[in-house]
Amino acid sequence: ELKVEQNPLFLSMQEGKNYTIYCNYSTTSDRLYWYRQDPGKSLESLFVLLSNGAVKQEGRLMASLDTKARLSTLHITAAVHDLSATYFCAVAPPWSSNYKLTFGKGTLLTVNP
Amino acid sequence: ETGVTQSPTHLIKTRGQQVTLRCSSQSGHNTVSWYQQALGQGPQFIFQYYREEENGRGNFPPRFSGLQFPNYSSELNVNALELDDSALYLCASSRDRSNYGYTFGSGTRLTVV
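Quick mapping for you: the protein sequence lines, in order, are chains A and B. Just so you know, we're using my numbering here: the first sequence kicks off at 1204 and counts up by one. Just so you know, we're using my numbering here: the second sequence kicks off at 205 and counts up by one.
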């Protein structure tokens, strides 16, 4: 059974600081996603990482993937309040015919002024 | 192009009742996947429908059932509601069973009392 672990689960940051969220998964996967969720809202796709060494950046967020270590990171640079949300990583096992996603528990990020 | 729409947005049901949730897929998408998100947790895969047939399900009992229609919209039915069924139900549409390009709807918040 595929397991996805995120840490930390809770992250309180000051504006302007940098931090990294980690996502470990238990089996090989050919695709890793990062999503953002605001309270009571749906999931917003941030990044999809398709290969070992993939790095993607959008604004203050940068995601990377190390398939050998089964690890993805989401790095936050110079945090601002608008980044406050819950962030999920999700992976799908390559043997699955329906490509169902297995999500981590999420990281609740709070950026304080 | 229209996105994924879900209805209703909120509803409250009594334990033991039955509920039907609806999802209209994005234009051009023939696959709908349903996820349950309990409070403070990541979404969990319920099942997927592809061209009107169920294409795999997660660890959910048979009282969770679904349908997909010729226009690729979908329904999720839950019988004999339990308190633990209270959650945000998300549907995601995509092409050809893939999770690539998943588009999530805004969700239905179900409360069972």
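Just so it is clear, CB atoms sit at the ideal spot from N, CA and C, and this is done for glycine as well.
For residue i, which of the options has the nearest alpha-carbon?
i       : options                            : result
A/E1208 : A/Y1225, A/Q1217, A/G1219          : A/Y1225
B/Q252  : B/R299, B/W238, B/L225             : B/W238
B/L287  : B/G220, B/S231, B/T235             : B/G220
A/D1285 : A/V1314, A/D1269, A/T1310          : A/V1314
B/F249  : A/Y1302, A/T1289, A/T1310, A/G1256 : A/Y1302
B/R226  : B/V316, B/L294, B/S278             : B/S278
B/T235  : B/N263, B/C295, B/V316             : B/C295
A/E1247 : A/T1289, A/L1311, A/P1297          : A/T1289
B/Y276  : B/V317, B/D300, B/V316, B/Y304     : B/D300
A/L1205 : A/S1232, A/T1276, A/Q1260, A/V1258 : A/S1232
B/E256  : B/G305, B/N303, B/Q240, B/P274     : B/P274
A/Q1240 : A/A1293, A/T1230, A/T1276          : A/A1293
Residue i to residue j, Cα distance in whole Å?
i       : j       : result
A/V1251 : A/Y1236 : 5 Å
B/S229  : B/S297  : 5 Å
B/L243  : B/A291  : 6 Å
B/R261  : B/S269  : 10 Å
A/K1271 : B/V223  : 44 Å
B/H233  : B/V208  : 10 Å
A/L1274 : A/Y1228 : 7 Å
A/K1244 : B/T307  : 14 Å
A/L1268 : A/A1257 : 5 Å
B/D289  : B/L271  : 19 Å
B/P266  : B/T218  : 19 Å
B/Y293  : B/Q240  : 5 Å
Quick one: give me the first and last residue of the beta strand (DSSP E) that residue i is part of.
i       : result
A/K1259 : 1258-1261
B/H233  : Run containing B/H233: none; DSSP gives neither H nor E here.
A/Y1290 : 1288-1294
B/K217  : 214-217
A/G1231 : The amino acid occupying residue 1231 of chain A in the given sequence is Thr; Gly does not appear at that position. Here A/T1231 belongs to no beta strand (DSSP E), and DSSP marks it neither H nor E.
A/N1210 : 1207-1210
A/T1313 : 1310-1315
A/A1266 : 1264-1269
Residue i and residue j: beta carbons closer than 8 Å?
i       : j       : result
A/A1281 : A/G1219 : yes
A/Y1238 : A/L1253 : no
A/L1312 : A/M1216 : yes
A/T1223 : A/L1264 : no
Q: Tell me, please, whether the region 213-226 of chain B touches the region 303-315 of chain B by the rule of three or more beta-carbon pairs shorter than 8 Å.
A: yes
(Q) Count Cβ pairs between the region 265-285 of chain B and the region 1304-1314 of chain A that sit closer than 8 Å; are there 3 or more? (A) Taking 8 Å as the limit for Cβ pairs, the verdict is that the region 1304-1314 of chain A does not touch the region 265-285 of chain B.
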